[in-house]
Amino acid sequence: MLATRVVRSTTRSMRVVALPLTPHCKVDGKPVDHLTYYHFITPPEDKKTNTWLNWGVAKASDLWANFGKAPEGNWKRRAFLYGERLVDRLEFEELALKSLDPSLGPRLSDIVPHGSKEPLSSIIPLIYPSSACESPIPHLHSLLEKRTPRHKKGFQFWLGVSPLTAPFMIIPIIPNFPFFFCVWRSWSHYRAYKASQYLEGFLHQGAIVPETSAPLDAVYAKYAPPPDAQPQKSSEPSSTALHSSDTHSSTSTSGARLLLPRDAVPELVKALELPEESTFAADMYRALEQARIRVEGRKTNA
């Protein structure tokens, strides 16, 4: 009875949302890697169990936010704007994984005791629009296989580089930005690495179960690209051009195109019933912009 309550509570406490940004397509019979943004919904953090590490991260975040409130022209304001541009250049896949805190999600050991061979119940639903893609489980599995070793290497690299920035500490007044940058990149890779490991554990146990969403299907149907923007089977480029951010994006020579415009983001927030303090909108805008750049890059390189 207790195990049943635990399973049900963990199912409600965490969800994964898969939002395809480009469609599945093939060029010369070979599949083209499509882009999907994953958003992780976890329960709010319990302040009673807040750790010193979380406290330190929160303080650093508040300090950085105060930099952004500095007057225009102040070095703090300039540093903040430059830092935000660096964040926008980070791959949205890393930022998505980094946003997942495994401590807020269910523990696999709580659901299936060590050594148990009993089949798992549905623990973490993977919500997706069935009209835009098939089950995203294979794509998520492939993504994590690539991301886990990449973020492990990134964590180790930036951690090793950080001591080399010690000479910058002799500069008076101005903080040692190179050191903080290395520590931040190492921390970002570490967060993404641990989240990737966490998700892989559930995937290997079959504990992440796909679940279709009618509200998401409605949003994708409303903002579906026009018929003349459908991907072509050949490798020839489409005649449809890329539009501005508030219009639909077109195909590239690889047949890829964006499935959603920026205008769809507010409706996605409503469809997912996300709270106002959620960072989903900003993260989704960033993912759409990066997807647009990658699609244009495929067109240029074709």
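Everything in the sequence shown is counted per this note's numbering, starting at 2 for the first residue and increasing by one.
The beta-carbon is built from N, C-alpha and C at its ideal position, and this holds for glycine as well.
For residue i and residue j, I'd like the C-alpha separation in whole angstroms.
i: Val-17; j: Leu-101; result: 10 Å
i: Thr-288; j: Glu-92; result: It should be pointed out that residue 288 corresponds to Ala in this sequence rather than to Thr. For Ala-288 and Glu-92, the distance between alpha carbons rounds to 8 Å.
i: Leu-204; j: Leu-127; result: 11 Å
i: Gly-202; j: Thr-149; result: 12 Å
i: Arg-108; j: Leu-200; result: 11 Å
i: Ile-138; j: Gly-69; result: 39 Å
i: Lys-195; j: Arg-86; result: 25 Å
i: Pro-24; j: Ile-124; result: 28 Å
i: Ala-59; j: Glu-297; result: 37 Å
i: Lys-154; j: Val-220; result: 38 Å
i: Arg-263; j: Tyr-286; result: 6 Å
i: Tyr-39; j: Gln-291; result: 14 Å
i: Phe-180; j: Glu-135; result: 44 Å
i: Trp-76; j: Pro-176; result: 11 Å
i: Tyr-224; j: Phe-281; result: 19 Å
i: Asp-218; j: Ser-279; result: 21 Å
i: Phe-182; j: Glu-146; result: 27 Å
i: Ala-19; j: His-142; result: 12 Å
i: Ala-71; j: Gly-84; result: 14 Å
i: Arg-293; j: Glu-274; result: 26 Å
i: Arg-90; j: Ala-97; result: 13 Å
i: Gln-157; j: Pro-168; result: 21 Å
i: Ser-251; j: Val-266; result: For Ser-251, the predicted structure reports a pLDDT of 39, less than 50, and the residue's modelled location is therefore unreliable. A value from the coordinates is still provided. Approximately 18 Å between the Cα atoms of the pair.
i: Leu-64; j: Phe-178; result: 14 Å
i: Pro-227; j: Lys-99; result: 35 Å
i: Leu-261; j: Arg-295; result: 15 Å
i: Gln-206; j: Ser-110; result: 11 Å
Could you tell me if residue i is buried or exposed, where buried requires 16 or more neighbouring beta carbons within 10 angstroms of its beta carbon?
i: Leu-82; result: exposed
i: Lys-271; result: exposed
i: Gly-106; result: buried
i: Arg-79; result: exposed
i: Met-170; result: exposed
i: Pro-44; result: exposed
i: Leu-36; result: buried
i: Glu-277; result: exposed
i: Ser-197; result: buried
i: Arg-192; result: buried
i: Arg-258; result: buried
i: Glu-94; result: buried
i: Pro-21; result: buried
i: Val-88; result: exposed
i: Ala-208; result: buried
Just to confirm the assignment, what range does the alpha helix (DSSP H) spanning residue i have?
i: Glu-73; result: Segment: none, Glu-73 is in no alpha helix (DSSP H) and carries neither H nor E.
i: Asp-218; result: 215-223
i: Phe-169; result: Per DSSP, Phe-169 belongs to no alpha helix (DSSP H) and is neither H nor E.
i: Arg-148; result: 138-162
i: Pro-24; result: Taken as a continuous stretch (DSSP letters only), Pro-24 belongs to no alpha helix (DSSP H), as it is neither H nor E.
i: Pro-262; result: That residue, Pro-262, is in no alpha helix (DSSP H); it is neither H nor E in DSSP.
i: Arg-267; result: Inspection of the sequence shows that residue 267 is occupied by Pro rather than by Arg. Taken as a continuous stretch (DSSP letters only), the alpha helix (DSSP H) holding Pro-267 covers 266-273.
i: Leu-98; result: 93-99
Quick one: what's residue i bridged to in DSSP?
i: Lys-125; result: It is Ile, not Lys, that sits at residue 125 in the sequence shown. Beta-bridge pairing links Ile-125 to Ile-209.
i: Gly-41; result: Note that residue 41 is Phe in the sequence shown, not Gly. Partner(s): Val-17.
> Is the stretch 179-190 close to the stretch 148-164, with three or more CB pairs under 8 Å?
Replying inline: yes
>> Taking 8 Å as the cut-off, does the stretch 206-225 touch the stretch 124-142 (at least 3 CB pairs, one atom from each stretch)?
In response: yes
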